[in-house]
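See below for the structure under consideration.
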Amino acid sequence: MTHRVHRRFLASRVRTKKEIWRPDLSFHITKCNDTIIIEYSITTHSIQFVSIANHLQASAPVTFAAPNIFRFMFAARLRQQSLVLRPLTRSYSSIQKMAPKAAKRKAESAPKTSTKEVKRRKSTGSYEDELRKPHPWAKLAEENGIVQRKYYPPEMSTDRARAYIEEGLLRPMEELVRMQREYSEAINKVPDGDAMVHWFKSDLRCSDNKALSLASARAQEAGVPLIAVYLVSPQDFEAHITAPIRVDFILRTLKVLQDDLSKLDIPLYIETVDKRKQLPNRLMELMDEWGANHLFANLEYEVDELRRERGIIKSLADKGKSFQVVHDTCVVAPGELKSGSGNQYAVYTPWYRSWVAHIHNNLDLLELFDSPAKNPAKTRATLKHLFGCDIPSAPKGKTLTAEETKRFHAMWPCGEHEARKRLDKFCDERIGEYDDKRNIPSHAGTSNISVHLAAGTISARTCVRVARDRNKSKKLDGGLQGIQTWVSEVAWRDFYRHVMVRWPQVCMNKPFKPEFANVEWVYNEDHFKAWCEGKTGYPIVDAAMRQLNHTGYMHNRCRMVVASFLSKDLLLDWRKGERYFMENLIDGDVPSNSGGWGWSAGVGVDPQPYFRIFNPLRQSERFDPDGDYIRKWVPELKGLTNKEIHEPYGRGAGDKAKKNGYPKPVVEHAAARNRALAAYKAATTSDM
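Following full-length UniProt numbering, the numbering of the sequence shown begins with 1 at its first residue and continues without gaps.
So this is what it looks like as structure tokens:
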């Protein structure tokens, strides 16, 4: 018989009490006669209960102390159960071993392996060999286009991913910093040379560009010209799955940048380098041609780029030259924010509080960098051959049709002047209502500045500074709610870069949570095709996918909905969706795209449990209540009522929908949800 047990019962009535959980944790589990008692605090996260409940060996009744907390999040789901745990094979003692996995993630995502243990394993000589073994399902990832073997090794094992988490492997950023320190003394002695060089990458602007500003200041001090360079790498576009619409935006932006620099007598040299591995050598050859000893650039945080930059530092230093690569893309540099235990935050909310506090304590972080100064007057004559370089055409496989070119150019004006114009207009007209309207896809309530942040035609620092200056408060967490919320959304971009630096496996086709590398996905190509084309039978999903295919953009709320639908309802590998986004988004950005997909698929940086599954019908009714967004992108349903349009086949409008060619749902949500829960749960017990 199940009893409701309160704390005083624990003190006065327990006769045979067996502790099976450490009392310092949020959960305290005891056994009283035949009843298991789960006692927990208001801060307890529901994922902890499920982890415990799924692994208790008992058919005994379960009772909950603090029933008001029981209702906090998953009351409805738990009421559907009997609250009597079915017999499992695990013993009570095994629960203690599971505590780190069940505990709420606030900093590190997994317990660290001790330095002593890492050294012992490395001393055996087999440690690196073990970590080089691919994941057992690596071939499947390759066959489904997730891992491009032309450029990358097979999918890494879960053990290798854990080695990055547990300090067993040096991260690319750590390797780069080590290289900078090793050569710092030699670099400081490098003479000025005949020119300074700034290497443009994803920072295609003159204003508030740290590396460009530093290069210009050094050139002015030395009395030599500043030369800018951009190297087009078709293989990088291919390896990074850069969308044709994004390639086009970058190439158009180069023309704007070239014109802006030309007004300052600064040449922008542009060249195509066919092989990505040749790019560093070509940079160094150009520096030799120009008599330049100093190269400046802003850091990019993906693994490929960090390793490339590390190699350039060494190669140039060995030649008596300098490569100064600096933090610029984030308002707060990765690695600056630490939890109380000294670890990187893995949850956005505490990270954001720390981010805000850090900026408040270091107001210079919002000081904008000077635009480059004008080159010496003679530069036009001495470097005449570097001015007016032709902008190359898009490489093979990255071209647009004539119709797409016309459409996208009208939709997406390029360059830093357009970026600043868009930001100012948003701050003048819509930022005040951003908190209320940002989740409504039919309403123009967002800034649409992401395309410019991705191309670097505006900096995150400028965005935050401009928003703060429009606020009634100089505090980022004060004043108008719309401004506060928008700043917090810009901060997500920083957050995902911080995560990628600390947990680099997330940009190497691995989930943030290693255990979910073992989910047995269903590679149903018919379902994937229906999702890509917006023909799933779920109107909100189909509207969002059609918006993406037509415009190269998707509203952020809809990105979460379609990502959850693909990974949970269709049980398709989330990495296929991640790739499709990169293939089509004009604002495709590896850290943000990877982070967003991990969050939505329940495998990423997210304190919520994997069994948070969006109901597409509820999302549709909540965020597109009148069906305006659906009617715009799914014209087959435009004649339906506001109620019918969200679920035509379930609300009496199936004949109308069918007549107009709209498909039936490819899956039934409730059944698909149960299938996903089983697959995710099974992955957490896999030993691969």
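Glycine included, C-beta positions come from ideal geometry on N, C-alpha and C.
None of these values were measured; they are calculated from a predicted model.
Of LEU212, GLU489, TYR352, GLY311, the smallest CA-CA separation from PRO172 is found for GLY311. DSSP, read as helix, strand or coil, puts ILE227 in strand. When the alpha-carbon of LYS659 is set against those of ARG673, LEU640, GLU668, ARG675, the nearest one is in LEU640.
In this chain, the alpha helix (DSSP H) harbouring LEU286 covers 279 to 290. Collapsing the DSSP output to three states places TYR269 in a strand. Proximity of the stretch 468 to 481 to the stretch 260 to 270 falls short of the contact definition, fewer than three beta-carbon pairs being nearer than 8 Å. Fully enclosed alpha helix (DSSP H) runs of no fewer than 4 residues occupy 616 to 623, 628 to 633, 654 to 659 of the stretch 608 to 667, in order along the chain. The straight-line gap separating the alpha-carbon atoms of MET500 and LEU257 is approximately 29 Å. Pairing TRP492 with TYR434 gives a Cβ-Cβ distance that is not under 9 Å. DSSP places TRP199 within a strand segment (E or B) once states are collapsed to three. Excluding its 5 nearest sequence neighbours in each direction, MET411 has C-beta neighbours in its own chain below 7 Å: THR551, listed in chain order. Under the three-pair Cβ rule at 8 Å, the stretch 325 to 344 counts as touching the stretch 292 to 303. The Cβ atoms of ASP274 and PRO234 lie closer than 9 Å to each other.
In the DSSP assignment, GLN324 falls within the unbroken beta strand (DSSP E) covering 322 to 326.
Its Cα nearest to that of ALA679, the residue LEU570 stands out among ASN556, LEU570, ILE431. Per the Cβ contact rule, the stretch 395 to 402 is not in contact with the stretch 442 to 460 (fewer than 3 Cβ pairs under 8 Å). Of all alpha-carbon atoms in ARG673, LEU585, ALA346, the one lying nearest the alpha-carbon of PRO616 is that of ARG673. A Cβ-Cβ distance of about 15 Å is found for the pair SER567 and VAL506, leaving them out of contact under the 8 Å criterion. Comparing alpha carbon positions, the residue from MET554, PRO413, ASN144, LEU337 closest to ILE440 is MET554. Residue ALA195 holds the alpha-carbon nearest to the alpha-carbon of LEU295 among ALA195, SER207, ALA333.
By the C-beta criterion, the stretch 523 to 541 is judged not to be in contact with the stretch 184 to 195, since fewer than 3 inter-stretch pairs fall below 8 Å.
DSSP places PHE296 within a strand segment (E or B) once states are collapsed to three.
The three-state reading of DSSP puts GLY598 in helix, counting H, G and I together.
By the criterion of a C-beta distance shorter than 6 Å, SER450 is surrounded in its chain by ASP587, once the five residues flanking it on both sides are discounted. Excluding its 5 nearest sequence neighbours in each direction, ASP589 has C-beta neighbours in its own chain below 8 Å: SER450, LEU453, ALA454, ARG493, listed in chain order. DSSP places MET173 within a helical segment (H, G or I) once states are collapsed to three.
Taken through DSSP and simplified to helix, strand or coil, VAL232 comes out as strand.
Just measuring C-alpha positions, the residue of GLN608, PRO392, VAL464 sitting nearest ASP208 is VAL464. The beta carbon of LYS133 lies closer than 7 Å to those of SER157 in the same chain, with the five residues before and after it left out.
Restricting attention to beta strand (DSSP E) runs no shorter than 3 residues, the stretch 330 to 408 encloses none. Counting C-beta pairs closer than 8 Å gives three or more between the stretch 270 to 286 and the stretch 381 to 397, which meets the contact rule. Leaving aside the five residues that flank GLY291 on each side, the residues in its chain whose CB is nearer than 8 Å to its CB run, in chain order, GLY193, ASP194, ALA195.
Of the candidates LEU131, HIS135, GLY145, the residue whose Cα lies closest to the Cα of TYR580 is GLY145. The three-state secondary structure of GLY534, taken from DSSP, is coil.
MET156 is bridged by DSSP to PRO134.
Within a 10 Å sphere around the beta-carbon of LEU306 sit 16 or more other beta-carbons, which makes this residue buried.
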